[in-house]
Amino acid sequence: MSKISTLELEDRKEGKKLYSYQKGAINKIFKSFEESPDDYHLLYQLPTGGGKTVIFSEIVRQYLKHHQKKVLVMTHRIELCKQTSNMLTEFGVVNKVVDSKADLSDQGEYSCFVAMVETLNNRLNDDKLDISDIGLVIIDEAHYNSFTKLFKFFSQSFILGVTATPLSSSMELPMTDNYDELIVGESIESLIENGFLARAEMFSYNVGLTSLVVGANGDYTVKSSEDLYTATDMLSKLLQAYEERSKGKKTLIFNNGINTSLHVYDTFRRAGYPVAHLDNTNTKKERAMILKWFKKTPDAILTSVSILTTGFDEPTVESIILNRATKSLTLYYQMIGRGSRVLENKKTFQVIDLGNNFHRFGPWGDNLDWQRIFKSPNYYLDALLSDEELESNFRYEMPDELRERFSNSEEVYFDIQKCYVDAVRAGESSKVVLERSIEQHGKICIENSEDVYDALTLAKELGDDIDHRIGKYTKCISKSTFNFVEWLKGDYRKKLNSYLRQNFDLVFEEIHGYPPED
């Protein structure tokens, strides 16, 4: 390919204005093609919101201007097909969408085609589309493996894959097997610093995930996810997290399973919040109505199942809730990316993580070594912590609203694991760990109460902390059958209440130097 100069790019009349980093990317891509053989496969990475469609639309425009060959753009979803076609039109590129209803009798009049991968596969196998003159193939969301089966049709074409995360959706088919080179675009941090993306404020709530099952696709199964996330305590935790961090903000909630999303919808509706549910069983008309409502309602909550992870752009989103766990780095970035679009009055957005994803993958926007991930994906994946390892590192953090009720206590955290190690070294029974934990819980309840009834009321608020401590304790003693854990939780609560009734006056006087008033 002849290299396109920056001057030519700036002289462009059609389409959208290109930013300097987009111009730089286009020059790098053309330079790579110029120096490479005709069948070269190039991969370009750019974060969600960085303008991948803008970049490859300009590449198509310039390619057609300087070459006598045609261009094909492939997507994996019909919505992306239409969006891509519209963007190309904005750039002055006349194009034809090859969908299941397309009449291809006039295909000779077009130099650019946009097609969904499955439809294109059928048309090519039926020999309905002439691809003998295709010089450039562009693949959007290239990390999906559905595209690779079509590569055999384009053995003499330049192939440009674009993605936010150059990590294959299947570990059996690493991207390095299908692409010769990766060009890494602007980082998320750089795009934030220069005002192109909003900054994510991350809030993580620790969740026990050891009940989840990993399926054949390498991610958690819908069945095991729904068993966990439709439980009353998880729905309560979701509502509590929303009320603490996102109340009144336009919010997207991502779930793993339609049943979970419907439970979420019911939970928020009963609580009196404006909420809608969306999944792939909704008709086009229903989807359009729901998204229109979501756009115009300032405090709208939309709960969905993966359908909005790609091809959805609503800059007014202020909060993202990950009400699911995933093993997919790509999905993690896609979900959070839905909130990263900037507006004049929006420089930040919130992310509430209820799937330990933050602990698993690190903060959104971390400068990942994409070249290393591209070349050696297994090294990266093998280094990710298991759910057991993640949870062993958890430290219970009391929610802000509850912490205020314990404001007289300088410290409310109790390290079960350290207490257990100290007890073992001292030759003591492991039972002393829970006894000392109960004493510490009792002390902070008494510190913040005027009488025993206040203390007993506060003790009821410590359920999450108690469950966390029991979980830590059972891991220490390597005994964690469901019935035993449930018995321990109940026994702990009874003993804490008993401790408060028997010791309130004594501990109160030790703390304050005077007995409680009658």
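The sequence shown lines up with residues 69 to 586 when you count with my numbering. Yeah, the Cβ is synthetic: ideal placement off N, Cα and C, and Gly gets one too.
Does the separation of the CB atoms of residue i and residue j fall below 7 angstroms?
i: T398; j: L259; result: no
i: I420; j: I389; result: yes
i: W432; j: I404; result: yes
i: K443; j: T244; result: yes
i: I207; j: M142; result: yes
i: L140; j: F181; result: yes
i: S237; j: H211; result: yes
i: T289; j: D455; result: no
i: I579; j: L556; result: no
i: A266; j: K414; result: yes
i: I545; j: S498; result: yes
i: L306; j: S292; result: no
i: D533; j: Y488; result: no
What's the C-alpha gap between residue i and residue j?
i: V553; j: R191; result: 58 angstroms
i: F31; j: D194; result: One cannot answer for residue 31 here, as it falls past the ends of the chain, which runs 69 to 586.
i: I506; j: K528; result: 13 angstroms
i: Y89; j: E254; result: 7 angstroms
i: S475; j: H509; result: 14 angstroms
i: L330; j: A344; result: 9 angstroms
i: S272; j: G423; result: 8 angstroms
i: M239; j: V282; result: 14 angstroms
i: V575; j: D483; result: 21 angstroms
i: S70; j: S100; result: In this prediction, S70 scores a pLDDT of 34, lower than 50, which makes its location untrustworthy; the coordinate-derived value is nonetheless stated afterwards. If you take the alpha carbons of S70 and S100, they lie about 10 angstroms apart.
i: S566; j: K547; result: 25 angstroms
i: Q402; j: S168; result: 28 angstroms
i: H144; j: N246; result: 17 angstroms
i: S225; j: V165; result: 20 angstroms
i: F221; j: Q175; result: 18 angstroms
i: N274; j: Y131; result: 50 angstroms
i: R440; j: L449; result: 11 angstroms
i: F219; j: K364; result: 42 angstroms
i: P584; j: E503; result: 24 angstroms
i: E515; j: E294; result: 40 angstroms
i: L524; j: K352; result: 53 angstroms
i: G581; j: N551; result: 43 angstroms
i: L452; j: R338; result: 38 angstroms
i: D107; j: D334; result: 53 angstroms
Nearest to residue i by alpha carbon, out of the options?
i: N391; options: I326, D434, K91; result: I326
i: P383; options: T116, N446, S104; result: T116
i: Q308; options: V575, P467, R493; result: P467
i: P445; options: S292, P242, I127; result: P242
i: L303; options: N551, A284, T371; result: T371
i: F380; options: L346, S200, E249; result: L346
i: H109; options: E249, N154, E496; result: E249
i: A170; options: S460, I534, M155, L197; result: L197
i: T231; options: N350, M155, G118; result: G118
For residue i, which residues from the same chain have a beta carbon less than 7 angstroms from its beta carbon, with the 5 sequence-adjacent residues on both sides left out?
i: R569; result: V520
i: V500; result: A491
DSSP on residue i, reduced to helix/strand/coil?
i: D535; result: helix
i: K196; result: coil
i: G283; result: coil
i: I369; result: strand
i: Q113; result: strand
i: Q130; result: helix
i: S304; result: helix
i: V343; result: strand
i: G64; result: Beyond the ends of the chain as shown, which are 69 and 586, falls residue 64; an answer cannot be given.
i: I123; result: helix
i: Q587; result: Shown here, the chain extends from 69 to 586; a query on residue 587 therefore has no answer.
i: K164; result: strand
i: E249; result: strand
i: I326; result: helix
i: E478; result: coil
i: A523; result: helix
i: E578; result: helix
i: T152; result: helix
i: E228; result: Contrary to the premise, residue 228 reads as Leu rather than Glu in this sequence. Three-state DSSP puts L228 in a strand.
Between residue i and the rest of its own chain, which residues show a CB-CB distance below 6 angstroms, the 5 nearest in sequence each way excluded?
i: S562; result: One detail in the question is off: residue 562 reads as Lys in this sequence, not Ser. Cβ neighbours of K562 beyond the five flanking positions: none.
i: S642; result: Only positions 69 to 586 of the chain appear in this structure, which leaves residue 642 out of reach.
i: A93; result: I123, G253
i: F336; result: V343, I369
i: V480; result: M466, F474, I512
i: L114; result: K120, G253
i: N348; result: I375
i: I358; result: A344, L346
Suppose the cutoff is 8 angstroms on Cβ atoms and the five residues either side in sequence are ignored; what does the same chain contact list for residue i look like?
i: E82; result: At E82 the pLDDT is 39, less than 50, meaning the model places this residue with poor confidence and gives no usable figure here.
i: V385; result: K318, T319, L320, R406, G407, R409, F417
i: L470; result: E529
i: T328; result: S293, E294, Y297, T298, V373, N391, R392
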